[in-house]
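Chemist: Start counting the sequence shown at 1; every next residue gets the next number (UniProt numbering).
The beta carbon of each residue, even a glycine, is placed where N, CA and C say it ideally should be.
Predicted model, so just to flag it, every value in this text is computed and none were measured.
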Amino acid sequence: MFNSLSDRLNDTFDRLRGKGKLTEADITSAMRDIRMALLEADVNFKVVKDFVAKTKERCLTAEVMDSLTPAQNVVKIVLDELVELLGSTESKLVLSSRIPNVIMLVGLQGSGKTTAAVKLAYLLKKQGKSPLLAACDVYRPAAADQLATLGGEIGVPVFRGDGAHPIEIAQGAVREAVDKMRDVVIVDTAGRLQIDEQMMQEAVDIKRAVKPDQVLMVVDAMTGQDIVNVVSTFAERTDFDGVIISKLDGDARGGGALSVRAVTGKPIKFVSMGEKPDSLEVFSPDRMAKRILG
Ligand code: GDP
Numbered sequence: 001m002f003n004s005l006s007d008r009l010n011d012t013f014d015r016l017r018g019k020g021k022l023t024e025a026d027i028t029s030a031m032r033d034i035r036m037a038l039l040e041a042d043v044n045f046k047v048v049k050d051f052v053a054k055t056k057e058r059c060l061t062a063e064v065m066d067s068l069t070p071a072q073n074v075v076k077i078v079l080d081e082l083v084e085l086l087g088s089t090e091s092k093l094v095l096s097s098r099i100p101n102v103i104m105l106v107g108l109q110g111s112g113k114t115t116a117a118v119k120l121a122y123l124l125k126k127q128g129k130s131p132l133l134a135a136c137d138v139y140r141p142a143a144a145d146q147l148a149t150l151g152g153e154i155g156v157p158v159f160r161g162d163g164a165h166p167i168e169i170a171q172g173a174v175r176e177a178v179d180k181m182r183d184v185v186i187v188d189t190a191g192r193l194q195i196d197e198q199m200m201q202e203a204v205d206i207k208r209a210v211k212p213d214q215v216l217m218v219v220d221a222m223t224g225q226d227i228v229n230v231v232s233t234f235a236e237r238t239d240f241d242g243v244i245i246s247k248l249d250g251d252a253r254g255g256g257a258l259s260v261r262a263v264t265g266k267p268i269k270f271v272s273m274g275e276k277p278d279s280l281e282v283f284s285p286d287r288m289a290k291r292i293l294g
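1. Under a Cβ-count criterion, where at least 16 other Cβ atoms within 10 Å of its own Cβ denotes burial, should Ala53 be classed as buried or exposed?
2. Between Thr223 and Val215, is the Cβ-Cβ spacing less than 9 Å?
3. Please classify Arg253 as buried or exposed, where buried requires at least 16 other C-beta atoms within 10 Å of its C-beta.
4. Less than 8 Å separating the Cβ of Leu108 from some heavy atom of the ligand GDP?
5. Do Ile186 and Ala117 have their C-beta atoms within less than 9 Å of each other?
6. Since Val64 and Val74 are thought to touch, with beta carbons under 8 Å apart, how far apart are those beta carbons, to the nearest angstrom?
7. Suppose contacts are defined by Cβ-Cβ distances below 9 Å. Is Met217 in contact with Phe240 by that definition?
8. Does the contact criterion of 3 or more C-beta pairs under 8 Å hold for the segment 170 to 181 versus the segment 89 to 106?
9. Would you mind working out which of Lys76, Glu57, Cys136 sits nearest Ala209, comparing C-alpha positions?
10. Is Glu281 near the ligand GDP, with its Cβ less than 8 Å from a heavy atom?
11. Within the segment 198 to 236, note down every full beta strand (DSSP E) run reaching 3 residues or more, in order along the chain.
12. Which of the three DSSP states is assigned to Phe2 in this structure?
13. Using CA atoms only, rank isn't needed, just tell me which of Leu95, Leu86, Thr28, Lys269 is closest to Met288.
14. Starting from Met104, trace the alpha helix (DSSP H) both ways and give me its first and last residue.
15. Can you give, in chain order, each stretch of the alpha helix (DSSP H) that sits fully within the segment 114 to 159 and has at least 4 residues?
16. Starting from Lys49, trace the alpha helix (DSSP H) both ways and give me its first and last residue.
17. Considering only heavy atoms of the ligand GDP, does any lie closer than 8 Å to the CB of Glu153?
18. For Thr149, is the beta carbon positioned less than 8 Å from some heavy atom of the ligand GDP?
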């Protein structure tokens with residue numbers, strides 16, 4: 001992911017480095033290149049506009065322009081602004097003192113919710129927790145089976161409540177967790193390929209019924225420009241506390257993932273980098289920004 005964005009940005013930086021002393025026109029031209037590179041990577045238009053305006057303003061100071069290595073300072077400013085765009089600091093998942101903690105995952109179908117639920121369970125298990133997965137996606141016939149299989153692979157039980165309504169399954173899972181001394185319930189909810197009212201209402205109803213400590217939205221890094229619409233609608237309807245970006249190992253342009261924090265104001269908590277259970281990483285804005293700059 002971000003390969004072509006990285007290449008474009010590095011070409012811009014190389015051109016600047018080749019010049020020695022920089023003029024305002026050099027900065028303007030570099031900012032135009034950066035704007036194009038971000039737009040072509042599918043970063044949201046407004047996010048790009050703000051990013052470039054802030055970066056340009058910081059670059060055009062005497063401190064940068066009159067310095068001995070102006071190009072290096074520009075690179076540093078772009079890096080800083082990328083870190084800022086991505087949320088500046090790590091935002092770890094904090095569990096409350098309530099037992100069981102309930103973490104609910106929302107998102108579109110295919111976004112990677114079920115996979116993320118399993119990875120999160122695996123991560124928590126490694127931290128000494130005893131999670132329980134709740135299979136509330138009753139519409140995609142294979143979803144509960146998929147969860148049961150993956151849960152089995154990592155040794156985490158799955159509450160299925162076959163035939164029951166998703167709200168009852170979520171509530172049943174919480175009761176089961178109390179009975180069986182499981183301290184975290186991870187609720188995998190249903191998604192649709194596109195936002196639809198019934199899906200949204202169901203997520204709202206499950207949330208009301210089990211009062212999750214955390215709602216995490218799973219967002220596919222390959223979503224592109226439509227990501228803004230998707231995350232804004234979820235933010236409005238179900239609200240959420242943080243984001244898991246999935247499929248960051250893919251080769252799409254990835255700019256949607258860069259827009260999420262700025263558009264929702266919610267922290268990115270994890271990134272998912274593959275299909276294996278151990279491929280969920282705590283998100284680090286710094287690491288991601290450095291990865292983008294190559
Ligand atoms: P859900 O409908 O939101 O529950 O989505 P799934 O968890 O079933 O994921 C949809 C597809 O994306 C599956 O084929 C997953 O194996 C795949 N997937 C999920 N997360 C990742 C990831 O981080 N990287 C890759 N490469 N594939 C993923």
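Modeler: This is what the structure gives:
1. Within the sequence shown, numbered from 1, the residue matching residue 53 stands at position 53. Its Cβ having fewer than 16 others within 10 Å, Ala53 is exposed.
2. Along the sequence shown, read from residue 1 onward, the residue named residue 223 stands at position 223. Along the sequence shown, read from residue 1 onward, the residue named residue 215 stands at position 215. No. Outside cutoff.
3. Within the sequence shown, the letter at position 253 stands for residue 253. Result: buried.
4. Position 108 of the sequence shown holds residue 108. Within the cutoff, so yes.
5. On the sequence shown, residue 186 is found 186 positions in, with the first residue counted as 1. On the sequence shown, residue 117 is found 117 positions in, with the first residue counted as 1. Contact flag set, yes.
6. Walking along the sequence shown from the start, residue 64 turns up at place 64. Walking along the sequence shown from the start, residue 74 turns up at place 74. By a beta-carbon distance limit of 8 Å, Val64 contacts Val74. Their separation comes to about 7 Å.
7. If you number the sequence shown from 1, residue 217 lands on position 217. If you number the sequence shown from 1, residue 240 lands on position 240. Yes.
8. yes
9. Position 209 of the sequence shown holds residue 209. The shortest C-alpha separation from Ala209 is found at Cys136.
10. Taking the first residue of the sequence shown as 1, we reach residue 281 at position 281. Flag unset: Cβ of Glu281 not near the ligand GDP.
11. 214 to 220
12. To locate residue 2, count along the sequence shown from 1; it is residue 2. Looking at Phe2 - three-state DSSP - the assignment turns out to be coil, as it is neither helix nor strand.
13. On the sequence shown, residue 288 is found 288 positions in, with the first residue counted as 1. If we check each option's Cα against that of Met288, Leu86 comes out closest.
14. Mapped onto the sequence shown, residue 104 falls at position 104. Where Met104 is concerned, there is no enclosing alpha helix (DSSP H), although the beta strand (DSSP E) it sits in stretches over 101 to 106.
15. 143 to 154
16. If you number the sequence shown from 1, residue 49 lands on position 49. Looking at the DSSP string, the run of the alpha helix (DSSP H) that includes Lys49 is 45 to 59.
17. Numbered from 1 along the sequence shown, position 153 holds the residue referred to as residue 153. Relative to the non-hydrogen atoms of the ligand GDP, the Cβ of Glu153 never comes closer than 8 Å to any of them.
18. Counting from one through the sequence shown, the residue named residue 149 turns up at place 149. Outside the cutoff, so no.
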